[in-house]
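J.: The structure follows.
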Amino acid sequence: PHKGCDNFIKAALMALKLNINLKFVIIGYGSQEAKLKNIVKKSCFASNFIFLSNVNHKEILYFYQLCDIYVSLNAYGNFSNTNLEAMRVGTCMILPNTLPGIGFDKTLKNLLPEDTYISLHSVNSIEALSEYFINLYRNKDKINDIKLNMQKISKKFIPSWDSRIRTELEFLTELVKYNE
2 PHKGCDNFIK
12 AALMALKLNI
22 NLKFVIIGYG
32 SQEAKLKNIV
42 KKSCFASNFI
52 FLSNVNHKEI
62 LYFYQLCDIY
72 VSLNAYGNFS
82 NTNLEAMRVG
92 TCMILPNTLP
102 GIGFDKTLKN
112 LLPEDTYISL
122 HSVNSIEALS
132 EYFINLYRNK
142 DKINDIKLNM
152 QKISKKFIPS
162 WDSRIRTELE
172 FLTELVKYNE
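Using this note's numbering, the letters of the sequence shown map in sequence onto residues 2 to 181.
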């Protein structure tokens, strides 16, 4: 529940009811998976959703680049590994600027200029998210501008995956040596 998939699906269904021809890809698995698939199955829009339970890490970049919009409604923060990867490849992201129990996300505001993502008031802003889907669907140039801006800014503070892993392995190697 903390990843907001239920709100994502509600917002997607609202947009689809307005005859907006969108496809939604949901990647991941968890305790809510069967419930979410059932909600979609019961709607008349099941063909507009693709659920992928498990995607190999090497393949995930393909999906970031395939999708026009990346949405994170993670209640625990905007800088999870998946979000950092999506930022690094330059996706058009929709992120909440207010998080439950945390409040206003100052880190998001400090690191990302307003032209690098779409700011959603909160993880519970279902109607606003639906409106963003519709507006972005109608404005591909805005999607492309946000993608380019995100790609430029993210390179300043997010290392590539390979570089990050190399640095972490070096750190762990030194830690093991230190503890021997």
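Yeah, the Cβ is synthetic: ideal placement off N, Cα and C, and Gly gets one too.
Given this structure, state the Cα-to-Cα distance separating Asn111 from Ile166, to the nearest angstrom.
T.: Taking the straight line joining both Cα atoms gives about 25 Å.
J.: Go ahead and label Pro101 buried or exposed: buried means 16 or more other beta carbons lie within 10 angstroms of its beta carbon, across all protein chains shown.
T.: Under this definition Pro101 is an exposed residue.
J.: Measuring CB to CB, does His3 end up less than 7 Å from Tyr71?
T.: No, they are not a contact pair.
J.: Mind checking Asp116: buried by the 16 CB within 10 Å criterion, or exposed?
T.: The residue is exposed, with fewer than 16 neighbouring Cβ atoms inside 10 Å.
J.: Taking only three categories from DSSP, how would you classify Ser32?
T.: If DSSP states are grouped into helix, strand and coil, Ser32 belongs with coil.
J.: Counting along the chain, where does the alpha helix (DSSP H) carrying Val56 start and finish?
T.: Counting along the chain, Val56 falls outside any alpha helix (DSSP H), and DSSP gives it neither H nor E.
J.: Name, in chain order, the residues that DSSP records as bridge partners for Thr99.
T.: Paired residues: Phe105 and Ser123.
J.: Val124: buried (16+ other C-beta within 10 angstroms of its C-beta) or exposed?
T.: Its Cβ being crowded by 16 or more others within 10 Å, Val124 is buried.
J.: Name the residue from Asn57, Ile135, Phe105 and Ser155 whose alpha carbon lies nearest to the alpha carbon of Tyr118.
T.: For the residues Asn57, Ile135, Phe105 and Ser155, the minimum Cα distance to Tyr118 belongs to Ser155.
J.: Measuring CA to CA, which of Ile144, Glu169 and Asp163 is closest to Gln66?
T.: The shortest Cα separation from Gln66 among Ile144, Glu169 and Asp163 belongs to Ile144.
J.: Do you know whose CA, among Leu14, Cys6 and Ile21, lies nearest Asp136's CA?
T.: With the sequence shown as reference, residue 136 is identified as Asn, and Asp is not the correct amino acid for it. Among Leu14, Cys6 and Ile21, the Cα nearest to that of Asn136 belongs to Ile21.
J.: If you follow the alpha helix (DSSP H) that Ile10 is in, where does it begin and where does it stop?
T.: That run of the alpha helix (DSSP H) goes Cys6 to Leu17.
J.: For Val26, which residues does DSSP report across the bridge?
T.: Paired residue(s): Ile51.
J.: To the nearest whole angstrom, what separates the beta carbons of Gln152 and Gly91, a pair I think is in contact under 8 Å?
T.: About 3 Å; that satisfies the 8 Å criterion.
J.: Does the Cβ-Cβ distance between Ala35 and Leu130 come in under 7 Å?
T.: No. Outside cutoff.
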